[in-house]
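Using the numbering used here, the first residue of the sequence shown is number 35, and each one after it goes up by one.
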Amino acid sequence: MRLPVEWLKEYVDLPLSDAELANMFTMSGSEVEGIHDGVFEVKVTPNRGDTLSVVGMAIEAAALTRQQPRLPKPTVPEDAQPHQPFITIRIDAPELCARYAARLVADVRIGPSPEWMQRRLIQAGMRPINNVVDITNYVMMELGQPLHAFDYDLLASKTIIVRTAAPGEEITTLDGVQRQLHPEILVIADAERPVAIAGIMGGAETEVTDRTTRILLESAHFSPLCIRRGAKRLGMSTEASFRFERWVDPSGTVLALDRAVELMRELGVASVVPGVEDCYVRRYAPVTITLRPERCNAILGTCFPPSFMAETLSALGLRVSGSAPLEVTVPTRRGDIQSEIDLIEEVARIAGYDRIPFELPHDNLIGRHSDWQLTSDLIRRVLAGAGLNEAVSHTLTDPALVAHLYDGTPVRLRNPNSEEFSVLRPSLLPLLAGAARLSASRGARDIALFEVGRIFVPAPDGLVERFSAAGLITGSLMGGRWNMRPVALQADFYLCKGVVEDLLRSMNVANAAFEPERVHGFHPGRAARIVVGGERAGVMGQLHPEVRDALELPGDTYVFELDPDVLTRHANPRKYHPLPRFPAVQRDIAFVVDAHLPAAEAQRVILDAGAQMVESATVFDAYQGEHLPEGKKSLAFSLVLRSQTGTLTDEAAEAVVDRIRAALATQLGATPR
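Written as structure tokens, this is what we have:
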């Protein structure tokens, strides 16, 4: 905003040089970016709409220098008798327009404005047009309230309706451009058609011309969000919209009208028709906020007494009562002050940041990794060590890609930049598949990827954000190495399962079960859910051939996705044991069980029956087919037996194996092979 210093000093005495004044504003948060011929270029923060005027900056200057500002108090002669209504105002969108006020002036004489007014407008960066338009712009710069002038005689039925645009409605604005109006755009209409785009620009059909004799002056309070959306949709930005987007004082609408008609009367532009039509449908009341002095000092690191805080806030025009705590009533012009922390900021800003003591903190500032950081680092190390390469994908993705491996409805953005980035990823697998597709399109045949990151799952009340870890393998895990055969570590179900088991082992998660399950996008019969402690911890398996072909992947592709939070909950505390003093004994055991029985169930029975003697039980063979009854399969386990009290004899080892065989027969119906 361009701020003429000479105009500013009309409202507050400032015995400071321009450089000192600019520094004072800058240090209080209203940065002065340049000084040119007595005019400040002020950078106003988006939440400080109250400083987009000369009077607003005068209030700031008065508070900083502990003075009383001389605020405009317009006087307009009114008849003692009630006035005759000259316009009917109806607000059909009260959530978008809280207040709409109007005044009527007659005997209008259009001409140039006085030289002093033109000079101030030029200094403020505005082009003088005529006395009526210049007065409305002058009041806007002075008080921060945009005004608009209609040719009163061109308004149909002498009616003003504040509403949203009808579908297909158009308006030609003051710049001569015909604009298509969207139903979300707020308009000012008469009984027949739109006559202005609310808060942005007036219409050409009711503009003031040399033939105008009566003018209706508009002053209103519009929703900042509504004006912002309308201006963006139309690709427009005006001095009025710039202010409405940043908050205009709803209590200042009539004051601005009075100031405008006072200037018109004093300059001989028009005569004033008595009365104000004021439609205030959604009232704003001053907000009262409690400020605790001890909280203020704790936040700022100061020792300000409550009386100093009260004096500082009062200098800004806030009404303060009480002492501890302070009850602060905030006027409606300060829409940025909503809570106690805002008041604390005002105390610091006006008191001066240089008054806050500079002290280095004395606390221990040595940081530590969060539990999630430790877990994610471990997952990355294990998967990278297994030969997978880390991928980093975008959290936004293409719903068509997600549909291959997710059967739900992902969370969609309301206003995406493109369809390709229109939904939040509900799983990492579609993104890994997309990355593999890109690698395959560039000639890669051996692809092994993993990712650790956040996913976003739809929920009844919005979405649930959680962490996930996923991997994808196709081709050979170590293909292309000079000392490895081309088929070495070729991707298959058990290779993928081994990678998952290595990760679970590193996280100290025991007794994970891999149970058959039909998973969307996976090959039937080659997919499993991973269950830990009765909780679903993830899925793994082979991609369905149709999905593989649709994604143009080079061969059979195996994937897994895990929930690190579930795994962390069921991770066992790490225990350290001394090195064994006695040698181990190895025994193999083979038996026949029902074909549908998971090997993990047999392993559980073996470990339970062996008690402390069985150090490990590993499947090394599974057979189903010739020489076995229908519906049966053979499992073979390698057992490592060890005693903590002495060397196991053959007799003792056989006794343990016999106990295991008996438990398998009793609990699983197993028969020796």
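Note that beta-carbon positions come from the ideal geometry of N, C-alpha and C, so glycine has one too.
Checklist entry - By how many angstroms is the C-alpha of S348 removed from the C-alpha of L105? => result Taking the straight line from one Cα to the other gives about 16 Å.
Checklist entry - When you compare only the Cα positions, how much space is there between E311 and R137? => result Those two C-alpha atoms are separated by around 7 Å.
Checklist entry - Taking 8 Å as the CB-CB cut-off, is I195 touching chain D? => result Looking for chain D here will not work: only one protein chain is present.
Next on the checklist: What does DSSP give as the partner residue(s) for S305 in the beta ladder?
Outcome noted: Bridge partners of S305: A140.
Checklist entry - With distances taken between CB atoms, is the gap from G572 to E535 smaller than 8 Å? => result No, Cβ-Cβ distance for G572 and E535 is not below 8 Å.
Checklist entry - In terms of residue numbering, what span does the alpha helix (DSSP H) encompassing M175 cover? => result Boundaries of the alpha helix (DSSP H) harbouring M175: N165 to L177, taken from the DSSP string.
Checklist entry - Exposed or buried, Y528, counting other C-beta atoms within 10 Å across all chains shown (16 or more means buried)? => result Its Cβ having fewer than 16 others within 10 Å, Y528 is exposed.
Checklist entry - According to DSSP, is K77 helix, strand or coil? => result Note: K77 maps to strand in three-state DSSP.
Checklist entry - According to DSSP, is K266 helix, strand or coil? => result Helix, per DSSP.
Checklist entry - So, helix, strand or coil for V362, using DSSP? => result V362 carries a strand assignment under DSSP once its states are collapsed to helix, strand and coil.
Next on the checklist: Am I right that F625 and L675 are in contact with their C-beta atoms under 8 Å? What's the rounded C-beta distance?
Outcome noted: 17 Å between Cβ atoms; not a contact.
Checklist entry - Is G509 near the ligand COA, judged by its Cβ being under 7 Å from some heavy atom? => result Although the ligand COA was asked about, the structure shown includes no ligands whatsoever.
Next on the checklist: Give me the residue from L497, D526, S253 and A199 with the minimum Cα distance to E221.
Outcome noted: According to the sequence provided, residue 221 is Val. The question's Glu does not apply to it. If we check each option's Cα against that of V221, A199 comes out closest.
Checklist entry - What three-state label does DSSP hand A544 in the structure shown? => result In the structure shown, A544 sits in coil (DSSP, three-state: anything other than H, G, I, E or B).
Item to check | the stretch 304-322 contacting the stretch 334-348, beta-carbon criterion three pairs below 8 Å | outcome: Contact between the stretch 304-322 and the stretch 334-348 is absent: fewer than three C-beta pairs spanning the two stretches fall below 8 Å.
Checklist entry - How long is the line joining the alpha carbons of E379 and M343, rounded to whole angstroms? => result Between the alpha carbons of E379 and M343 lies a gap of roughly 11 Å.
Checklist entry - In whole angstroms, what separates the C-alpha of L698 from that of P494? => result Approximately 46 Å, taken between the alpha carbons.
Next on the checklist: What residue range does the alpha helix (DSSP H) around C313 cover?
Outcome noted: Where C313 is concerned, there is no enclosing alpha helix (DSSP H), although the beta strand (DSSP E) it sits in stretches over E311 to Y314.
Checklist entry - Is the stretch 166-182 close to the stretch 132-147, with three or more CB pairs under 8 Å? => result Yes, the stretch 166-182 touches the stretch 132-147.
Next on the checklist: According to DSSP, is G532 part of a helix, a strand, or is it coil?
Outcome noted: G532: helix per DSSP, three-state reduction.
Item to check | Inter-residue spacing [alpha-carbon to alpha-carbon] between I261 and M91 | outcome: Spanning the two alpha carbons is a distance of roughly 24 Å.
Next on the checklist: Between the alpha carbons of P632 and S510, how many angstroms are there, rounded?
Outcome noted: If you draw a straight line from the Cα of P632 to the Cα of S510, it is about 27 Å long.
Checklist entry - Which value, in whole angstroms, describes the spacing of the CA atoms of T79 and W281? => result Straight through space, the alpha carbons of W281 and T79 are spaced by roughly 12 Å.
Checklist entry - Candidates D209, L352, L430 and P550: which alpha carbon is nearest Q372's? => result For Q372, the nearest C-alpha among the options comes from L352.
Item to check | Given T336 as reference, the closest of R368, P391, V66 and V381 once Cα atoms are compared | outcome: Closest in C-alpha terms to T336, from the list R368, P391, V66 and V381, comes P391.
Checklist entry - With a Cβ-Cβ cutoff of 8 Å, do L360 and F256 count as a contact? => result No; because the gap between Cβ atoms is not below 8 Å, this pair is not in contact.
Item to check | Residues near P201 by beta carbon distance below 8 Å, same chain, minus five either side | outcome: P217.
Next on the checklist: For the structure I just gave you, are there three or more beta carbon pairs, one from the stretch 654-666 and one from the stretch 678-694, closer than 8 Å?
Outcome noted: No: the two stretches stay apart, fewer than three of their Cβ pairs being nearer than 8 Å.
Checklist entry - Roughly how many whole angstroms lie between the Cα atoms of L377 and Y387? => result Going by the C-alpha atoms only, they are around 15 Å apart.
Item to check | Residues near L577 by beta carbon distance below 7 Å, same chain, minus five either side | outcome: Result list for L577: G555, F556, H557, T591 and V593, in chain order.
Checklist entry - Mind pulling the alpha helix (DSSP H) runs of 4 or more residues that sit fully within the stretch 561-604? => result Restricted to the stretch 561-604, the alpha helix (DSSP H) segments that are unbroken, complete and at least 4 residues in length are 579-584 and 598-603, listed in chain order.
Checklist entry - On the three-pair Cβ rule with 8 Å, is the stretch 417-429 touching the stretch 477-494? => result By the Cβ test, the stretch 417-429 is in contact with the stretch 477-494, since at least three Cβ pairs between them sit closer than 8 Å.
Item to check | Close beta carbons around G286, own chain, < 7 Å, minus the five adjacent residues each side | outcome: Here G286 has L177, Q179 and R367 as same chain residues with Cβ atoms under 7 Å from its own Cβ, once five neighbours each way along the sequence are excluded.
Checklist entry - Does DSSP put R293 in a helix, in a strand, or in coil? => result Reduced to three states, the DSSP call for R293 is helix.
Checklist entry - How would you call N606, buried or exposed, if buried means at least 16 neighbouring beta carbons within 10 angstroms? => result Counting Cβ neighbours within 10 Å, N606 comes out exposed, since fewer than 16 surround it.
Next on the checklist: Strictly by DSSP, which residues pair up with D622?
Outcome noted: Paired residues: S672.
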